[in-house]
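The sequence shown begins at 1 in UniProt numbering and counts up by one.
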Amino acid sequence: MLVDPGQLRLLALIERHGSLTAAAHALQLTPAAVTQQVAKAERDWQVPLVIRGPRGATLTAAGALLASHGRTVEEASDRAEAELAALLGHLSLRLRIGTFQAAALHLLPPALTALRHRHPDADVSVMDVVSGRGADEISAGRLDVAIVASWDAPLAPPPHLRAHSLLLDPMVVVLPDDHPLAAGQPADTELHLERLRGESWVSILAGHAAREQFHDAAREAGFTPTVRFETESYDVAQALVGTGIAVALVSRLALTHAPGTTHRELAHPRPYRHLYAVTRTDASLTPLADMLIDLLRDVARDITATWEAPLQEEQRSSNSPHGA
């Protein structure tokens with residue numbers, strides 16, 4: 001027969017408390033329900049287990065034997081409950097984050113600072129993860145939150161994952177600071193990409209989504225770009241632009257203001273990358289993940305406002321009588 005741990009625990013409680021009523025109270029059951037369970041246990045074990053008397057209940061020899069194993073079950077249950085509570089307490093304070101360089105430099109630090117102020121005992125770790133691997137790391141259980149980028153196309157994770165929108169990160173043109181197009185006129189604050197059709201370009205390596213986006217934008221502008229240099233790093237691209245040998249299309253968030261460079265905003269419709277925070281759909285075991293996402297969104301709004309302020313000021317200047 002299959003051993004029912006619940007029956008063993010019931011007998012241990014009857015032995016401990018000396019009555020069916022007290023055992024029922026410990027189990028948060030009615031005395032009638034406990035009486036039924038005892039009767040079922042005696043049928044299952046095919047032996048009398050409990051002797052009922054005017055002063056309570058005692059166990060038969062068979063009942064006492066089974067009750068000794070019931071105490072073991074209780075002790076194991078108590079240990080399991082305590083260990084689970086400790087684990088859940090640890091998980092509730094643990095947050096494993098994956099992110100790419102630009103987000104790690106500009107988006108994540110203010111959010112983490114605010115999180116640490118709210119939860120100084122948080123167990124936070126951060127690792128570099130390229131955007132294409134973020135969802136896989138979440139699925140594998142190695143990360144709780146992954147900050148990733150998607151170029152133009154919306155991110156569509158599998159059902160067990162959720163993508164939280166953070167930021168639209170527009171692409172800008174990085175130019176040598178002595179380039180003829182480096183300084184726009186007040187009425188020409190945004191640069192049309194077709195004006196750079198004759199330039200040499202530094203581009204992200206072929207096969208990357210950013211490279212495909214660049215070629216699509218150039219094609220829509222009516223030209224095929226002359227790519228002289230390829231790299232997987234926006235930082236390297238900007239350093240090369242600073243030498244004066246090429247121009248580059250770079251994410252606004254990834255701007256380093258490398259020596260010898262400046263940047264121009266692109267005219268609409270401008271290409272962009274969309275930043276997301278990816279989590280498990282059920283993030284109940286990692287409550288700090290939702291808090292971090294709220295903080296990341298606050299930082300993203302501040303960043304976007306910083307980007308928009310100079311453009312709004314330039315537009316006001318160009319529309320004023322003195323700027324005409």
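Idealized CB from N, CA, C, for every residue including glycine.
- D290 sits away from A114, with the two beta carbons spaced by 9 Å or more.
- Counting only unbroken stretches of 3 or more residues, the beta strand (DSSP E) elements lying wholly within the segment 55–116 are 56–59 and 94–99, in sequence order.
- In the DSSP assignment, L13 falls within the alpha helix (DSSP H) that extends over P5 to H17.
- Boundaries of the alpha helix (DSSP H) around E42: P31 to W45.
- Shown here, P287 sits in a helix according to DSSP, grouped into three states.
- The secondary-structure analysis by DSSP pairs R301 with nothing; it has no beta-bridge partner.
- Taking a cut-off of 8 Å for Cβ pairs, the segment 279–290 and the segment 196–214 do not touch, as fewer than three such pairs fall below it.
- Residue burial is scored here from C-beta neighbours: S251 has at least 16 other C-beta atoms within 10 angstroms and is therefore classed as buried.
- Just so you know, the alpha carbons of H263 and V126 end up roughly 30 Å apart.
- Residue environment analysis places A135 among the buried positions, since at least 16 neighbouring C-beta atoms fall within 10 angstroms of its C-beta.
- Scanning L49, L8 and S68 for the CA closest to the CA of L59 turns up L49.
- Every alpha helix (DSSP H) stretch that sits fully inside the segment 108–176 and reaches 4 residues is listed by chain position as 108–118 and 131–139.
- Between T279 and V145, the beta carbon gap of about 6 Å places them in contact (Cβ cut-off 8 Å).
- Per DSSP, T243 is not a residue of any alpha helix (DSSP H), being assigned neither H nor E.
- CA-CA distance, L66 to H17, rounds to 16 Å.
- Look at the beta carbons and you see the segment 191–205 touching the segment 230–241: at least three pairs across the two are nearer than 8 Å.
- For F214, no beta strand (DSSP E) run applies; the uninterrupted alpha helix (DSSP H) run containing it begins and ends at A209 to E220, by DSSP.
- Per DSSP, reduced to three states, the secondary structure at H274 is strand.
- In the three-state reduction of the DSSP assignment, L255 falls in the coil class.
- Nearest in C-alpha terms to L167, of all of W307, L8 and G70, is W307.
- Exclusion of the five residues before and after A163 leaves L155, P157, Y276 and V278 as the residues of its chain whose Cβ lies within less than 7 Å of its Cβ.
- The Cβ atoms of V148 and L249 do not sit closer than 9 Å to each other.
- Within the DSSP secondary-structure output, A248 pairs in a beta bridge with V174 and V202.
- For E265, the secondary structure class from DSSP, reduced to helix, strand or coil, is strand.
- In the DSSP assignment, T189 falls outside any alpha helix (DSSP H), carrying neither H nor E.
- In the DSSP assignment, T226 falls within the unbroken beta strand (DSSP E) covering T226 to T231.
- The shortest CA-to-CA distance from H179 to any of L193, S150, G242 and G56 is the one to G242.
- Leaving aside the five residues that flank T261 on each side, the residues in its chain whose CB is nearer than 8 Å to its CB run, in chain order, V174, L175, P176, D177, Q238, V241 and G242.
- For L181, no alpha helix (DSSP H) encloses it, and the DSSP letter there is neither H nor E.
- A check of alpha carbon separations from A102 across A267, D294 and A254 identifies A254 as the nearest.
- Shown here for A300: same chain residues with a beta carbon closer than 7 Å to its own, the five before and five after excluded, namely L107, L166 and L167 in chain order.
- Taking the Cα of L161 as reference, the smallest distance to any Cα among R273, D121, P225 and D282 is reached at D282.
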